[in-house]
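Colleague:
What follows is the structure, given as structure tokens:
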């Protein structure tokens, strides 16, 4: 089996080659007319400008942490940390560049060749991000493994040092994810709220109207938030789950160190193959986009399931590992479906919120928030049953393997997810380029399917964050050599309370950040309308760049404090109250973080779709009083679902991996 | 020292005698003119009708649980459970009867003798509830102790049976609290939202206008929610903290069984004396109501502090118990003050929310919710530091003693708290009786001070619920003989996740209940306005009774499901996953419950006062667009702060005491 190890980085590299081929295929598609090209270039430049400035900040942050890790932990770990950060940046950069190439080509394909062609372009645009994430993630982990693992690695580091190097790589991924998810989340919602409140509500112009100075920033936001942010989040989960499984394999007796480490690597490699295959099944040959996307998901899941069964027997001689993998996959898919139920206009919860809009915005808010709270019930039960099941099947290792299983199809999940914002952008470009109504109809259909896949993707992101954080938590306890983390120890209870509290604080900070950034945007859009009356008449061009700049600056400034908190708090608790209390903190953050992330994401998604449901002619329809109430709900939901909620995914994983990396300081 | 034991029930009885004397003093005050008497009688009858129907339901619930406890645990415990339930009912009944006598007499005192006299009546009305709660609570516990304790009790039960009897009494208190807090919370907000949405918003008539059919139900709601609900909540905490300390004293080695049990009883008795003394210091001799009420609080705290110092040396020969008591008292007062900071219009957070109302209701909601989340930071840090401090001073016993210390001044706390809704009612009666403007001004002043004391009281209720639940959690672990509750055990993690999830579900259920009940109320008020046009012209009397009836029926129906959940879930987890997992559930519910309770209570309080702040002429003033946005915030906040938030106090205590009582089933 060990010879298979060398196939792992090869497959990872293949994934990157396929990604680059897809990228060049997209580049070869026609961009359409000059107006479309112009608008697309604004969006692309805005997105790249954001990434550029974000990465400058990341560089400073990473440099500081690099020195700290180097001095206090080891320079091996520091180097791995740097590579992890660079790989995450690379995945984000390539993925987003491609997304901003694909959007306009999706519009053009819709206009020239209709829906199936447009679907193909949009999906392939997302697939580049997906394949880059899994390719770079697995390449990094497997090369580190080949170079440094204590059982025959080229440099054969000691077991503890190797674990520290591996988690260092994970921390690099996490640090970039923090900036990607939190910064991207703040950016996208500041632009969205700003564009909506002044453009749609005050000036009365439609969504994506080119006269709105914030419209480009809004479209940029879809890319930096929903493509790059989501990608970095799942990159972190993907790497984190594999890293935690390998480090766990080194410290427990249930599996041999080599088998226990190889299994997740090879499973992940098969997952990549499955993802590549599934990409080519979404080929635009039918005109039902939802069916096509589901097909992709089912194919990659099926391949992984079958392979996992074979691998389970090959490695461990029984079905145990297979069951753990299957538990992870099923929980991931199920949480996605539950999310869809609570956030789609096709089901009762959203329709009930739409009904509550008839008595005003207050009842809309209450009903949506209650829906978000209720939507935690089944995901949490599933996770609880899943970890008990995985544990009884295969001990602590089973929990980690379940996380790897859930994340094995990450390539496909990201492709399906990133397809949404690309289609959304495509619609915006159609609108701004004043293309015929039929084009917009196609992109709207693609976009509405994208909303569902986005909801499913968000559920998957939370579920995978929970399982990954849990797996890392288990690794933490084993590396720290804790035989228990005892809730009867008041330090642990104090840690639990503080961990929970940090979740609330982090949510509040990110929520307020959106508010502050949106206010700046509102002022700017108002200023432009006031000072350049020609904009509204169509004789003057709005100043898009300044709006892009405001969102960028505000997002980067606002993400610093939550970012520092997420790093400093676990270290402080570890130093002051010790490793057991820190375990309590991680558990407290895990339970509260998962609950709040699901609540906020789903409440936000439900409000959004309640508004759309009303716009489709129910409960009074567009422009009615209930619709106005629904708009309030949607606006409240924006930071809930796209900033604070997803940011918590990062918080719980980041705090756990920070704790693992800095463990030597607390012991 | 042991002879002092017999003084405890005597002091408790004295408390009840003083309460009855105050009640009769209030009865002897003049009720005012016929119109006032009539309105007061509507409110009184409505409140009593609610209590009557609530108690019928309580009776069925208690009877069912009685049989279950009798069969599965012991008939001793079942009997104690019954007594606990009856005592809680009694305290609620007397307290609320007095409150509904005191409201109109406060109005009359304001009209005849001015502010100081009105303050005296209102405060004494609240003091009856306060003294009944502590008197009946301590009477029950001390008599059970004298009869059954294993070290010289009259029947000298075995240690385990005795603990079961004592916690049975606590469960009785908890069960009634569930109905009182949850049912009362649903009632009061259904009526409030219904009265406001149709009366104030649709019909444009002022608050407390007698033409509003829901106005009596609204005033009844103040009594059943803020007086009876709050009283039953603190009755539960009060009893729970003493019960957990005594049961802990029986199982740990740090203190002798007798000393460890006597200390909380005598401390509580001194707390009652302090409360009685403080009641007579609030005598209406100055015209600054806030000063008077603070004086009462400070005097009772000072007496308890001094007595605790003496008791600490007398019982244990050192200062340790004193420090634990002081920690509890300080944490309780500090959480109250923090609550005030986040919810009062005098400070930045509420003013910032008012500013956010200028950009509409969505930003108002986001900003208020973020404020609620932020307001968890210092209370949680205080509780964390408090339990670590209390533990390092005096072990697990120290944590329990800190809870008793915090709750020792409960008599005064309730008096100060219940004074608020009585003043609020007094204002309503003044408005409905068309008394001169000056009378309403006096009651408004009293009411606005009452809003602050209510916020402080809510903070205290959450803090005391947290410490009591924690103390009961410790007792649980000791009685279950658990040497650890290990977060590395997947069952415990699953329990933790389920416990947190139950918090969210419970919040959602109570929130939705308010919505459903309020909708019924809205329909009814609209129907009356439609069918009897004379109401608005003042020629026809609205049908108050039907509105009262709707609130009552809806509240009682809606509280069943959450109530059953709170009892069944811990039992199910204990049976299926075992005692350690149940410990995890309790910890998960504790951390999430405290966080959500603080978030929702304070967000609600902050929205409420942001609206009042705007009404006082800031950010556009009454009737402006920002004011409308603030009204939306206030309406969303209503179920947050008066239903779901406070209901979580009950949930975390009730689930813990259910776990203690039913422990024998899981072992």
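Protein chains in written order, with the numbering used here: chain A, 4 to 670; chain B, 4 to 670.
Even for Gly, the Cβ is constructed at its ideal location relative to N, Cα and C.
Computed from a predicted structure; not experimentally measured.
1. For a contact defined as C-beta to C-beta under 7 Å, what are the partners of residue 487/B on chain A?
2. Against residue 407/B, what residues of chain A qualify as contacts under a CB-to-CB distance less than 7 Å, listed in chain order?
3. Am I right that residue 3/B and residue 449/B are in contact with their C-beta atoms under 8 Å? What's the rounded C-beta distance?
4. Taking the continuous alpha helix (DSSP H) assigned at residue 114/B, which residues delimit it?
5. Using a Cβ cut-off of 7 Å, pull out every chain B residue sitting near residue 198/A, in sequence order please.
6. Could one say the Cβ of residue 595/B lies closer than 8 Å to chain A's Cβ atoms, at least one of them?
7. Give the straight-line distance between the Cα atoms of residue 511/B and residue 371/A, rounded to the nearest whole angstrom.
8. Looking only at C-alpha atoms, which of 360/A, 290/A, 402/A and 54/A sits nearest to residue 329/A?
9. Mind checking if residue 494/A is an interface residue toward chain D, Cβ cutoff 8 Å exclusive?
10. Going by DSSP in three states, residue 225/A sits in which element: helix, strand or coil?
11. Round the Cβ separation of residue 405/B and residue 389/B to the nearest angstrom and send it over; I've been treating them as touching at under 8 Å.
12. To the nearest angstrom, how far is it from the Cα of residue 234/B to the Cα of residue 622/B?
13. Check for me: the alpha helix (DSSP H) holding residue 299/B runs from which residue to which?
14. Less than 8 Å between the C-beta atoms of residue 532/A and residue 206/A, yes or no?
15. Have a look at 230/A, 326/A and 451/A and flag the residue whose alpha-carbon is nearest the alpha-carbon of residue 296/A.
16. Mind listing which residues of the region 638 to 663 of chain B have their C-beta closer than 8 Å to chain A's C-betas, in chain order?
17. Could you tell me the alpha carbon to alpha carbon distance between residue 356/A and residue 261/B, rounded to whole angstroms?
18. Any beta carbon from chain B within less than 8 Å of residue 354/A's own beta carbon?
19. When burial is assigned at 16 or more other CB atoms within 10 Å of the CB, is residue 209/B buried or exposed?
20. Taking only three categories from DSSP, how would you classify residue 637/A?
21. Can you tell me whether residue 212/B is helix, strand or coil according to DSSP?
22. Output the distance between the C-alpha atoms of residue 384/B and residue 502/A, rounded to the nearest integer angstrom.
23. Residue 501/A touches chain B at which residues, Cβ-Cβ below 8 Å?
24. Assuming residue 598/B contacts residue 498/B under a Cβ cut-off of 8 Å, what Cβ separation, rounded to an integer in Å, is found between them?
25. Can you round the beta-carbon distance between residue 421/B and residue 102/B to whole angstroms, since I take them to be within the 8 Å contact cut?
26. Which runs of the alpha helix (DSSP H) spanning at least 4 residues fall entirely within the region 504 to 573 of chain A, listed in chain order?
27. Compute the beta-carbon to beta-carbon distance between residue 554/A and residue 520/A, rounded to the nearest angstrom, for a pair I have assumed lies under 8 Å.
28. In three-state terms, what does DSSP make of residue 489/A?
29. Sorted by chain position, which residues of the same chain lie with C-beta nearer than 7 Å to residue 364/A's C-beta, five sequence neighbours on each side aside?
30. Run down chain B in chain order and give the residues with a C-beta less than 7 Å from the C-beta of residue 515/A.
31. Using only the alpha-carbon positions, how far apart do residue 557/A and residue 181/B sit?
32. Between residue 508/B and chain A, is any beta-carbon pair separated by less than 8 Å?
33. Against chain B, with Cβ distances strictly below 8 Å, would residue 235/A count as a contact?
34. Can you tell me whether residue 544/B is buried or exposed, with buried defined as 16 or more other CB within 10 angstroms of its CB?
35. Check the C-beta distance from residue 605/B over to residue 378/B and give it rounded, since I have them as a contact under 8 Å.
36. Residue 495/A: which of 488/B, 669/B and 525/B sits nearest, CA to CA?
Modeller: Working from what's here:
1. 487, 489 and 491
2. Here the premise fails: no neighbours, minimum Cβ distance about 17 Å.
3. Outside the shown range of chain B (4 to 670) lies residue 3/B, about which nothing can therefore be said.
4. 78 to 116
5. Near residue 198/A there are no residues of chain B at all, since even the closest Cβ is about 14 Å away, more than 7 Å.
6. yes
7. 10 Å
8. 402/A
9. The structure shown contains no chain D; its protein chains are A and B.
10. helix
11. 6 Å
12. 37 Å
13. 292 to 319
14. yes
15. 451/A
16. 638, 639 and 642
17. 57 Å
18. no
19. exposed
20. helix
21. coil
22. 10 Å
23. 383, 384 and 387
24. So it is not a contact: roughly 18 Å between Cβ atoms.
25. 6 Å
26. 537 to 540 and 547 to 561
27. 7 Å
28. strand
29. 632, 635 and 636
30. 373
31. 46 Å
32. yes
33. no
34. exposed
35. 4 Å
36. 488/B
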